[in-house]
Amino acid sequence: MTGSVTGAVLLALIATTGCQPNADVAATFDANAATVSQAFADFTAESDDFFTHFSDDATWSGNAVGSADTLTLDVVTAGYRNMWSQYDYRMVTEANMLPGVNPNTKMTDGSVRGYFRWEISKAATDSTEARSVEVKLYESFDFNTEGKIRWTQVYGDLATAYNLLEE
């Protein structure tokens with residue numbers, strides 16, 4: 010009887026101790042996913058509040074052909090402001106935030122990733138009709154301890170999307 014009680018206590022201790030880090034990671038993921046959702050809302054609103062979701066030392070992985078390997082917040086800020094002056098953005102599908110994993114441990118770590126479908130539109134001018142395209146993107150976001158995005162990457166055929174808008 011003593012052995013089974015000791016075993017039960019040990020099992021309960023392991024179960025509750027083992028669940029705590031997962032609960033912490035889940036809470037971190039939920040908070041970070043909310044940050045990404047708000048960043049997307051600020052992006053589509055073309056608001057400079059978008060940039061407040063990123064740490065001062067945030068970087069983007071340069072994934073376009075011929076781009077730098079790493080893009081700084083200053084470079085991305087200028088680029089996004091330029092794009093906002095030319096295009097409008099709308100998320101077509103509901104955001105489906107997924108937990109990210111640490112690339113070394115393969116364990117969930119509070120980072121956020123997801124597959125998203127965006128519409129990019131260009132307004133009509135005197136000589137052109139309004140145009141819009143939909144593009145599927147994979148995006149991932151890593152966070153610092155303050156809950157700010159410190160690294161992100163975007164994969165999708167954005168070059169073709171913008172080329173179609175400019176035809």
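When the letters of the sequence shown are read in order and numbered with the working numbering, they come out as residues 10 to 176.
Even for Gly, the Cβ is constructed at its ideal location relative to N, Cα and C.
Computed from a prediction, not measured in an experiment: that's the story for all the values here.
Distance CB(Val-144)-CB(Ala-170) smaller than 7 angstroms: yes
Pick from Ser-130, Ser-76, Gly-123 and Ala-42 that is closest to Asn-172, judged by C-alpha positions: Ser-130
Nearest-angstrom beta carbon gap, Arg-140 and Leu-167 [assumed within contact, 8 angstroms]: Between Arg-140 and Leu-167 the Cβ distance is about 15 angstroms, and since that is not below 8 angstroms, they are no contact.
According to DSSP, residues forming a beta bridge with Gln-162: Ser-149
Residue environment, Asn-41, which counts as buried when at least 16 other CB atoms sit within 10 Å: Asn-41 should be labelled buried.
Cα-Cα separation, Thr-81 to Ser-70: 9 angstroms
Those runs of the alpha helix (DSSP H) which lie wholly inside the segment 46 to 120 and span at least 4 residues: 82 to 95
Classification of Gly-88 by the beta-carbon crowding that lies within 10 angstroms, buried from 16 upward: Flag for Gly-88 reads exposed.
Cβ shell of Val-163 (< 7 angstroms), same chain only, five flanking positions each side left out: Asn-72, Leu-146 and Glu-148
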